[in-house]
Structures are given as C-alpha cells and as structure tokens.
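Notes for the one structure printed next.
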Amino acid sequence: MSLGEAVGRYAALWRTPGVPRVMLPAMLARLPVAIEPLAIFLHISAETGSYTAGATALGVFSAALAVAWPLHGRLIDRRGLRVVLLTLAVLHSAALAVFVFASSGPAWLLVASVAPVALTMAPVGSTVRAAWALILPPGPALNTANALEAVLVEVFFVIGPALTGLLTGVFSALTTTLLAGGMLVVGSLLYGSAPAISTMRRETDPTEPGTLAGGGSHDRRERRPWRIPGVVAILVAAGGAAAAFAVLEVTVPATVSAHGDAAATGVALLSLPPAASVIGGLVYGARQHTRLPVNRYLGLLAVAFACMVPLVFATSVAVLAVCLFLAGLPLAALSSEEFGLLGSLVPKRVINESFALAATMMAVGSAVGTLAAGAILGWLGPTEARLLSPAAALIAFAAVLSMRATLSDVDSLATADSGA
1 MSLGEAVGRY AALWRTPGVP RVMLPAMLAR LPVAIEPLAI FLHISAETGS YTAGATALGV
61 FSAALAVAWP LHGRLIDRRG LRVVLLTLAV LHSAALAVFV FASSGPAWLL VASVAPVALT
121 MAPVGSTVRA AWALILPPGP ALNTANALEA VLVEVFFVIG PALTGLLTGV FSALTTTLLA
181 GGMLVVGSLL YGSAPAISTM RRETDPTEPG TLAGGGSHDR RERRPWRIPG VVAILVAAGG
241 AAAAFAVLEV TVPATVSAHG DAAATGVALL SLPPAASVIG GLVYGARQHT RLPVNRYLGL
301 LAVAFACMVP LVFATSVAVL AVCLFLAGLP LAALSSEEFG LLGSLVPKRV INESFALAAT
361 MMAVGSAVGT LAAGAILGWL GPTEARLLSP AAALIAFAAV LSMRATLSDV DSLATADSGA
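Counted from 1, the sequence shown has number 181 at position 181 by UniProt numbering; the numbering is strictly sequential.
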C-alpha cells in the first residue's frame, strides 16, 4: 500500500459524519490521564519531602482507577453516556477541591485525598473505543479507527509527561493538576454531548455480533462480560502485554546505570517504544486485512514476543535502544486488535464495561510487571529481570491460543454480519 493510500484511509475516517465532533473533545479529555497522576506525584513529593509518599499516592490512584472504571463502564451501559459523564464531571471538580484543601493537612490526608480524584475520573478512553464500534460498521474502517485509537494512546503518553514538566516548571505541580482536571471536565462534557454518542445505551438487537457464542442471546445478555467464553483470555492477554512493557520501565534505567550511564538516560530511552508504536500502528491501521481478527491478534502477540527476546541479550546502551524501538513496533497494532476482538465478542449492551475491564487489566498487568521486575532486579540483576518481558508476552499469547476455537467462531459470525 502506498503512502497516499494510507493517508487516504485516515482522511476518509476523519470525514465520516460525527467523527470530528467525537474525537476532538475526547482528545482534550484523555490527555489529562497522562498528566494528572504525574502532577499529583510531583505535588505530594514536594509537599511531604518524600518520594515514598508520592509513590504511595500513585499506588492509591492506580488502585482507585482499577476499581472505578469497570463500574463507570457498567453505569454508562445502563444509564447512558451523557448522564454519567455529567455526574463524574461534577464529582471530579469536587474531588479536586478536596485535594487542594488536603494539601495544607497531614501527609496521610493528602495521600488519601487522591482516591476520590481517581474514582471520579471519567473513562473516556474505553468509551471512545466503544463509540467507534457504534459509529462504524465492522470492516476496514473500524480496523483503521481502532489502530488510530491505539496510536493516540501512545501519543498521549509521549506528550503528557513532557507537558507536565513544562507546566510544573512554569506554574506548579498543584496548578498543573488543576489544569489537567479542568481539561478533563470540559473535554468530557463536550464529548458526552456529541450527537453521535450522547445516547449510547445498551443495545437490544438480538442479531448483534457476539450474541451467538456460548449460548442463546438471552443467556448472553444476562451474563457479565467475564463470563462470556473468550473474554477472560483477552483480558489476561491485555494484562500480560501491559506487564511486558511495564517491566521495561524498571529494568531499562537500571540497565543503563549498570553500564555506567545516568539513569536519566534510561528514562529517555523509554520514549522509544511509544514512538515506534505510533509508526507501527499507523502503518498497520492503513492496511487492509483479510485474516480473521483472532489470527491477526495471535500473530501480533507472537511478533511482540519475538521483538521482546532481543532485549534480554542487549550488551550495550546503543543495542538496547535499537531493541526498545523494535519492541515497541507492534504495541499499537496489538491494542487495536485487542479491543476490536473484544468488541466483536461481547454484546453492545456491555461494551463499555468490557472495554473498561480491559483497561483495568492493563493497569493491573502494569502494576504486577513493575513489582515483579523490581523484586527480581534487586535479587538477580537487570539482565535476569528483563526476561520477564518476553515471559509476559508469551503468557498473553498462550491465553489467546487456548481459546482460539471459540474466538474464531465469534470472528466468523462478525465477518458474516459485516458482509451481509
């Protein structure tokens, strides 16, 4: 496929009625997810004089998100997007006010005040993925949209930390937190009022994709997402892939330090996988795919494993940099197929809850990967700790492979529906 054809696919997607009205405010609402936690960490670390307190606050933030987002997704499926986002916007504003008030109190109160901030953060990212599934029919356009979505996530996490550092330097970490909160509130309100998705509710069409796998449609509708055959495999794979990359956040700076360079150099190297992911995701999303989604997903998991293996054998910082770029290439494409496959598997009435569960599993996987890497790093060293990355990718591959037959059946039904 030529560059012109690739650009044409993304341009055609942008010209789809309703897409700009959805995407622009969604981008405004999602960037704070990469800013607010880091700004909170910097503020609490400065206020308490302890990085441990800041790290504890980040742990509280992550745990609260893991609890909140599946619940938010379920509420959106039941009550509609607009009312839930409006409620969360009001509550998030109040939570930020409490956080500011707690800044003058004891350290434990300041750390505890992080929980309501995270609990009221709108799950815009998972609902955007659900919106694509509602706005676009299954097929090449939806595949391109999912790839673009995965690329945007990487872009946010490249821009977010840099913007946090800039705003904190110009103003303060607390002001940056409040600015990010304001962006989230305004963006989520504008996003929730978009005509194309403001009435997102549970679907009742008995022919929707996913209602025929594992029983009749009525049986499926009465079941939670994780009880649908194949969903747990995808959730485990999402967590495994996230863990594989989270390991690098710990091991890369340690590896660079072991080679005699500053740990900050290792932190800078961590921007290579997201940069490579953007390139890989854009190229992948512009292609037209003919294989079943589960086969594409398995193929990408195998590629991710293969790209992780060279990290174990990196003998210098320069080689490590090349390996990191290689490891990042399939990341956005992997996320694209992950959510596309999940969207074809579950009934639309629980699609927001399902996507929020996937996001939660990614957060859990990241936490487990970080903790495990830290433990092995202190016990055996950075080289041995880097083994965890391909190991986690292999677990993700095995989880999906174990349910390949079930996922292939659902893929076939979805493909038949899209071609009807």
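All residues carry an ideal CB built from backbone N, CA and C; glycine is no exception.
- Apart from the 5 residues on each side of it in sequence, Glu-353 sits with its Cβ closer than 7 angstroms to the Cβ of Pro-70, Gly-73, Arg-74, Asp-77, Pro-225 in its chain, given in chain order.
- Remark: C-beta atoms of Leu-13 and Thr-144 approach each other more closely than 8 angstroms.
- Every alpha helix (DSSP H) of 4 residues or more that sits fully in the stretch 34-98 is shown, in chain order, as 36-48, 51-79.
- Scanning the stretch 88-154 from its first residue to its last, the whole alpha helix (DSSP H) runs of 4-plus residues come out as 107-112, 114-119, 124-135.
- Between the beta-carbon of Ala-118 and that of Phe-61 there is about 5 angstroms, and that keeps the pair under the 8 angstroms contact cut.
- Shown here, Val-346 sits in coil according to DSSP, grouped into three states, outside any helix or strand.
- The shortest CA-to-CA distance from Val-252 to any of Tyr-284, Leu-320, Glu-149 is the one to Leu-320.
- Glu-47 sits close to Leu-110, with the two beta carbons spaced by under 8 angstroms.
- If the five residues before and after Met-403 are omitted, its C-beta is found closer than 6 angstroms to the C-beta atoms of Gly-230, Ala-233, all from its own chain and listed in chain order.
- In the assembly as shown, Val-170 is an exposed residue. Its beta-carbon has fewer than 16 other beta-carbons within 10 Å.
- Residues of the same chain with a CB within less than 6 angstroms of the CB of Arg-21, apart from the 5 flanking positions on each side, are Ala-194 in chain order.
- The Cβ-Cβ distance between Leu-292 and Glu-337 does not fall below 8 angstroms.
- Within the same chain, no residue comes within 7 angstroms of Ala-375 by CB-CB distance, once the 5 residues on both sides are set aside.
- Taking the Cα positions, Gly-192 is about 38 angstroms away from Leu-394.
- Remark: three or more beta-carbon pairs, one from each stretch, lie closer than 8 angstroms, so the stretch 310-325 and the stretch 379-395 are flagged as touching.
- Judged by DSSP in its simplified three-state form, Leu-380 adopts coil rather than helix or strand.
- The straight-line gap separating the alpha-carbon atoms of Ala-237 and Phe-397 is approximately 7 angstroms.
- In this model, Ala-318 and Ala-302 are separated by some 25 angstroms (Cα to Cα).
- Rounded to the nearest angstrom, the Cβ distance from Leu-324 to Gly-280 is 13 angstroms, too far for a contact under 8 angstroms.
- By the criterion of a C-beta distance shorter than 6 angstroms, Ala-150 is surrounded in its chain by Gly-281, Ala-332, Ser-335, Ser-336, once the five residues flanking it on both sides are discounted.
- Under the DSSP assignment, Ser-389 falls in the alpha helix (DSSP H) whose first and last residues are 388-402.
- With respect to the 8 angstroms criterion, Val-124 and Ala-29 are classified as neighbours on the basis of their beta carbons.
- Judged by beta-carbon spacing, Ala-246 lies within the 8 angstroms limit of Gly-369, meaning their Cβ atoms are closer than that value.
- Under a 10 Å Cβ-count criterion, Val-83 is classified as exposed, with fewer than 16 other Cβ atoms of the shown protein chains found around its own Cβ.
- In this structure, the beta-carbon distance from Ala-130 to Ser-113 does not fall below 8 angstroms.
- Per the coordinates, the alpha-carbon of Leu-65 lies some 34 angstroms from the alpha-carbon of Arg-9.
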